[in-house]
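Student:
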Ligand SMILES: Cc1cc2nc3c(=O)[nH]c(=O)nc-3n(C[C@H](O)[C@H](O)[C@H](O)COP(=O)(O)OP(=O)(O)OC[C@H]3O[C@@H](n4cnc5c(N)ncnc54)[C@H](O)[C@@H]3O)c2cc1C
Ligand code: FES
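Numbering (this note's numbering), first residue to last: 7 to 248.
Okay, structure coming up:
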């Protein structure tokens, strides 16, 4: 984990209100799939947590959606970037013949490096991605180019299966005993109710991002407190009360 002044190599819109930023940084050498970085966005005091989507030798890629003032400001940034990370526990890459990666909206990005790592291990990777509509889809072709089978769901039915990722899983009769998932809470609840094994990655409002402030606490089944930023954001399916 380190703080560094990294360099923005590119920062471009890839879908409606969705941006891809390529960052040259030393922490690329330590990063694991599912981990995240904290980004300083002047003039805001609190850093913004964003997942690491792809890891290359000296660069990482992040994909972010304009949500409020901070992410809006990020779309104008170029040159130096003050970052801190890699943070949290990412996706464990287990020995599996087949894995299904289930992502929704800006939960899709951390699954990209996860897919790369599973494919490197010889695992067959199915990817199920959920979006609101056709306009907001991103990374379908990128996952296909890696060698994944990709299935899309849109809430309005304008592309792929109509409804949620669970509808796409049913429509395409996708069977598995192991999933890795990241996305909005209702989607993660549905994934946790449908599958028995694998991992989910949670989002929480964060302040320190490194386990000190207890601002991101969730409870496990026994009532113990877990910090999303430090004990997660990735947890085994069934561990956390959603
Ligand atoms: C571990 C983790 C990974 C994430 N990965 C991604 C990603 O890959 N791509 C992406 O687009 N978004 C991601 N997010 C969500 C992203 O952090 C928020 O969208 C962003 O912080 C919003 O900032 P803002 O200034 O635009 O919004 P504002 O609402 O103006 O933010 C105000 C404050 O609330 C915090 N905040 C607001 N929404 C969230 C949120 N959903 N989660 C955490 N803090 C929030 C901000 O950090 C800021 O401190 C991730 C969040 C977490 C916790
Ligand atoms: S954000 Fe401070 S403990 Fe998680």
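Ideal Cβ placement from N, Cα and C applies to all residues, glycine included.
Relative to the C-alpha of residue 59, which candidate in 223, 188, 198 and 85 has its C-alpha closest?
Tutor: Of the candidates 223, 188, 198 and 85, the one whose C-alpha sits nearest the C-alpha of residue 59 is 188.
Student: If you follow the alpha helix (DSSP H) that residue 192 is in, where does it begin and where does it stop?
Tutor: Taken as a continuous stretch (DSSP letters only), the alpha helix (DSSP H) holding residue 192 covers 191 to 200.
Student: How is residue 112 classed by DSSP in three states: helix, strand or coil?
Tutor: Three-state result, residue 112: helix.
Student: Find out if the Cβ-Cβ distance for the pair residue 183, residue 203 is shorter than 7 Å.
Tutor: Yes, the Cβ-Cβ distance between residue 183 and residue 203 is below 7 Å.
Student: I want to check one thing, is the minimum distance from the CB of residue 213 to the heavy atoms of ligand 2 below 6 Å?
Tutor: Yes, the Cβ of residue 213 comes within 6 Å of a heavy atom of ligand 2.
Student: Restricting to Cα atoms, I'd like to know which of 25, 217, 179 and 134 is closest to residue 82.
Tutor: Taking only the C-alpha atoms, the option nearest residue 82 is 25.
Student: Find out if the Cβ-Cβ distance for the pair residue 32, residue 96 is shorter than 7 Å.
Tutor: Not closer than 7 Å, so no.
Student: Check this for me: beta carbons of residue 224 and residue 246, under 7 Å apart or not?
Tutor: Yes, Cβ-Cβ distance for residue 224 and residue 246 is below 7 Å.
Student: Thinking residue 208 and residue 238 are a contact (beta carbons under 8 Å), I'd like their distance in whole angstroms, please.
Tutor: Yes, residue 208 and residue 238 are in contact; Cβ-Cβ is about 5 Å, under 8 Å.
Student: Could you check which residue in 65, 34, 243 and 75 has the C-alpha nearest to that of residue 49?
Tutor: Looking at the Cα atoms, 75 is the closest of the given residues.
Student: What does a CB cutoff of less than 7 Å around residue 197 pick up in its chain, not counting 5 residues either side in sequence?
Tutor: The answer, listed in chain order, is 108, 185, 187 and 206.
Student: In terms of residues, what are the limits of the beta strand (DSSP E) holding residue 171?
Tutor: From DSSP, residue 171 is part of no beta strand (DSSP E) but of the alpha helix (DSSP H) over 171 to 177.
Student: Ignoring anything shorter than 3 residues, give me the beta strand (DSSP E) runs that lie fully in the region 86 to 168, in order along the chain.
Tutor: Complete beta strand (DSSP E) runs here, min 3: 104 to 110, 130 to 137 and 155 to 160.
Student: Which residues does DSSP pair with residue 16 in a beta bridge?
Tutor: Paired residues: 28.
Student: Per DSSP, what kind of secondary structure is residue 75 in: helix, strand or coil?
Tutor: It is helical.
Student: What is the residue span of the beta strand (DSSP E) that residue 240 lies within?
Tutor: 240 to 242 is the span of the beta strand (DSSP E), which, as asked, contains residue 240.
Student: Comparing the CB of residue 71 with every heavy atom of ligand 1, is any distance shorter than 6 Å?
Tutor: At least one heavy atom of ligand 1 is nearer than 6 Å to the Cβ of residue 71, so yes.
Student: Would residue 154 and residue 131 be called neighbours here (beta carbons separated by less than 7 Å)?
Tutor: In this structure, residue 131 lies closer than 7 Å to residue 154 by Cβ.
Student: Using only the alpha-carbon positions, how far apart do residue 66 and residue 78 sit?
Tutor: Those two C-alpha atoms are separated by around 20 Å.
Student: With a Cβ-Cβ cutoff of 7 Å, do residue 125 and residue 93 count as a contact?
Tutor: Contact flag unset, no.
Student: Could you please give the first and the last residue of the uninterrupted beta strand (DSSP E) stretch that includes residue 217?
Tutor: Premise fails: residue 217 is in no beta strand (DSSP E) and is neither H nor E.
Student: State the start and end residues of the unbroken beta strand (DSSP E) segment that holds residue 229.
Tutor: First-last for residue 229: undefined, no H or E at that position.
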